[in-house]
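Novice: Heads up: take any position in the sequence shown, counting from 1, add 1476, and you land on my numbering.
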Amino acid sequence: MMDQLLLALQGLRRSRVWLSIFRREQLPQTEADWLAMNRRNFFVHILPAKIHKGSTRLSYNWIWMGVISTWLFVILTITGLFLMFYFVPSVERAYDSIKEIMNSVTLGRFMRNMHRWAANLMVFAVFLHMMRVFWTGSYQKPREFNWVIGVLLFVVTVLFAFSGYIVPWDQLGYYAAKIASNIADGVPYIGPQVKQILLGGTDLQQPSLLRWYVIHVFFLPLVIVLLIGIHFWRIRKDDYSKPVEYERGRRD
């Protein structure tokens, strides 16, 4: 039985369908072959073929806060999609639908709490990641552009958390939206226009909630996925940062 299974797997690996996807009949045998596969494969290319030992020190990388932030975003995406099936973005029903998720939906309380805690932890993890990059000087040449992308990611993460407060449309959400619209109104030249865009009118009503909901579930996720992609791409292009004692020669 096992021999037949192995023969079937070997036949599958030689099939046209398999070769159209993986382009190889066998695993790489030499270091050059592994490097070539690393360059060609999208999923493998996100990880470097080699990494300096100094970059793996716990005192330097702070247990990979950037990776933790990414996985927290994955958790937010999964739990957010679950909540979207039950949440009703209506002024009359928004808060009641949240209570229904918490009390009546199977795994609803668990998924909502996971979403809430992952959001709080993501803000904290991204902040710690930025502090690590700043204190270790990893933002310096040649990584200045990626530092700017990281700052934008932090801003979008905070906006994500803030818009998440508004969506349930309880007292906290209502007054958070009111404060946000008043802050937007204070922007020079374009303030009133920005406020009207956020409110969908002149006062907090149904269009206001719907616009914040679209911002939370569509616009901000689109922006953050784009920025994460650019961030990872620049990490691969600029190489992983190393402790200062290993970076001096490169910066000079």
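Heads up, the beta-carbon is just placed ideally off N, CA and C, and yes, glycines get one too. The structure displayed is predicted, hence computed values, not measured ones.
(1) Considering only C-alpha positions, which residue in the set Ala1512, Met1607, Leu1685 and Glu1507 is nearest to Phe1498?
(2) Unbroken alpha helix (DSSP H) runs of length 4 or more, entirely within the stretch 1529-1584: which are they?
(3) Please report the Cβ distance between His1591 and Thr1546, rounded to the nearest whole angstrom; I am assuming they are in contact, meaning their Cβ atoms lie under 8 Å.
(4) Check each candidate in Leu1597, Ile1577, Asn1622 and Tyr1650 and name the one with the smallest Cα separation from Trp1688.
(5) Who are the near neighbours of Val1599 in its chain, counting only those whose CB is closer than 6 Å to its CB and skipping five residues on each side?
(6) Roughly how many angstroms lie between the CA atoms of Asp1646 and Ser1684, to the nearest whole one?
(7) So, helix, strand or coil for Trp1645, using DSSP?
(8) So the candidates are Leu1680, Trp1623 and Val1699; which of them puts its Cα closest to the Cα of Val1567?
(9) Considering only residues of the stretch 1644-1700, which uninterrupted alpha helix (DSSP H) runs meet the minimum length of 4 residues and lie entirely inside it, listed in chain order?
(10) Ignore the nearest five residues each way along the sequence and tell me which others in Leu1548's own chain have a CB closer than 7 Å to its CB.
(11) Pick from Lys1617, Ala1570 and Asp1479: whose alpha carbon is nearest that of Asp1714?
(12) Roughly how many whole angstroms lie between the Cα atoms of Phe1708 and Asn1589?
Specialist: For this structure:
(1) Check the Cα spacing between Phe1498 and each of Ala1512, Met1607, Leu1685 and Glu1507: the tightest is with Ala1512.
(2) 1534-1537, 1541-1560 and 1570-1579
(3) Contact flag wrong, Cβ pair sits at about 16 Å.
(4) Tyr1650
(5) Thr1633 and Ala1637
(6) Whole-angstrom Cα-Cα distance: 14 Å.
(7) coil
(8) Leu1680
(9) 1647-1661, 1667-1675 and 1682-1690
(10) Ala1594, Leu1597, Met1598 and Ala1601
(11) Looking from the CA of Asp1714, the closest CA among Lys1617, Ala1570 and Asp1479 belongs to Lys1617.
(12) 29 Å
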